[in-house]
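Position one of the sequence shown corresponds to residue 1 (this note's numbering), numbered consecutively onward. Even glycine gets a Cβ: it sits at the ideal position worked out from N, Cα and C. All of these numbers come straight from a predicted model, not from anything done at the bench. As structure tokens, the structure follows; a few thoughts come after it.
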Amino acid sequence: MGEYIVRLIADIAGTLLDVQQYFFKRKLKKRRKYEKENKLPRKRMVSPKDRFIVLWAITLVIVVILIRFFQNDKEAITKEKINEIKELLEKEKKVFGDYPEKLETIKRNNPLRIDLLHDGWGNVFNYELKEGYYTLISYGKDGKLNTKDDIKLN
């Protein structure tokens, strides 16, 4: 259904553009005749199709820029959060002599760190502490542990 509506709108726009182009050619012909009779220099006139093409190209460029600007690169967001968590864990070890038992400890009631423990896909990071070393894992896009898309920090 949506495909037919898009096609209908395109056909209507094409017809309107053809009508505008017809009237433009008539106006251009009259203008050239007037310029010739009065020995005037030729005035540059831009056709509706040229205007449409330029407007369409500008719109396309703007849309591409906006899509790239607002597109969330969830993997990059996750890697940034992992690095931030790593820095906070290292500070914890430096100050308290050991890594925290629970990852929530590094938030320290800081309101700016509310979403710190969630990866780019909204999953909570998997944090394991064993024998003074930790493993930090993002579940990745599929939300499952130990799959190919997991992002790990040892």
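Query: Spatial distance of D149 from K86 (CA atoms); Result: 20 Å
Query: Residue span of the alpha helix (DSSP H) that contains T165, given as start and end; Result: Here the chain comprises residues numbered 1 to 154, so residue 165 is not present and cannot be evaluated.
Query: Proximity below 8 Å, CB of R51 to CB of K43; Result: no
Query: Where the beta strand (DSSP E) through L157 begins and ends; Result: Here the chain comprises residues numbered 1 to 154, so residue 157 is not present and cannot be evaluated.
Query: Candidates K144, Y4, T78, A13: closest to W56 by CA position; Result: A13
Query: For T135, the residue or residues it bridges with in DSSP; Result: E128
Query: Contiguous alpha helix (DSSP H) assignments of at least 4 residues, all confined to the region 37-75; Result: 48-70
Query: Rounded C-alpha distance that separates D115 from I58; Result: 37 Å
Query: Three-state class that DSSP yields for I151 in the structure shown; Result: strand
Query: Sequence-distant residues of its chain with Cβ nearer than 6 Å to L88 (five each side left out); Result: I106
Query: K49 versus D18, L145, E128, residue with shortest Cα-Cα distance; Result: D18
Query: Through-space distance from T15 to L28, alpha-carbon basis; Result: 20 Å
Query: Proximal residues to K93 (C-beta, below 7 Å), its chain only, five neighbours per side dropped; Result: Y99
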